[in-house]
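Add 6 to the 1-based position in the sequence shown for the numbering used here, that's all there is to it. Ideal placement from N, C-alpha and C gives every residue a C-beta, glycine not left out.
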Amino acid sequence: MCGIIGFTGNLQAPGILVDGLQQLEYRGYDSAGIAVNNGSETKIVKTTGKVATLREKVEATADLAGTCGIGHTRWATHGGVTEVNAHPHVSGNVTLIHNGIIENYKELAASLKTKGFTAISETDTEVAAMLIDSLYDGDPFAALKEADKALEGAYGFCGYVQRSSRRDLLHEKCKSISSISYRRWFFHRF
């Protein structure tokens, strides 16, 4: 099962995210990654294998600083165990991590391709990021509500939108295989 962590505050996010992912190692995973935003740009560090390997890559990444970020440990369901398929994924303004399965991601990817969106990974998460980005017009909550109408499956997301005019912890109803449940969406303004 995937592990998800998000952080926003006054402290530097990279170490906090990696420490948090290390606490989630017991859940099992095959790759890990973090995205950190410094207020003007997002940097992503991903790897296959253990969080210890991610920590080494994070420590070796120049200028990886910021007080907001997200982290993820992945157990591959769609796509192989590769750095490209590891989370986080970015599409335009949207940086996203995901736990669950989006059952109709292939159909959505085909539809989004006609609008100029092309996935580089084999994951349903990147398709979700592309969908949310395609619907984003300055209001992340509205984009999420519209995306939820198109997504089928059981899922939870954590992510942020670059150049958002809102700074909220957003809640949104998402479809679940067994019932309608609430999932939290973490979004931060830059």
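Spanning the alpha carbons of Lys151 and His104 requires a straight line of approximately 16 Å.
Its chain contains Gly39, Glu89 and Ala92 as the residues whose beta carbon lies nearer than 6 Å to that of Lys52, once the 5 sequence neighbours on both sides are disregarded; these appear in chain order.
Here Tyr166 carries a strand assignment [DSSP, helix/strand/coil].
Taking the Cα positions, Asp130 is about 17 Å away from Gly122. The way I'd put it, the segment 31 to 50 doesn't touch the segment 137 to 149; fewer than three beta-carbon pairs between them come closer than 8 Å. With a cutoff of 8 Å on beta-carbon distance, Ile76 and Ala41 are scored as near each other. Gly162 places its beta carbon less than 8 Å from that of Gly106. Inter-residue distance for Phe147 and Tyr166 is about 11 Å (C-alpha atoms, whole angstroms).
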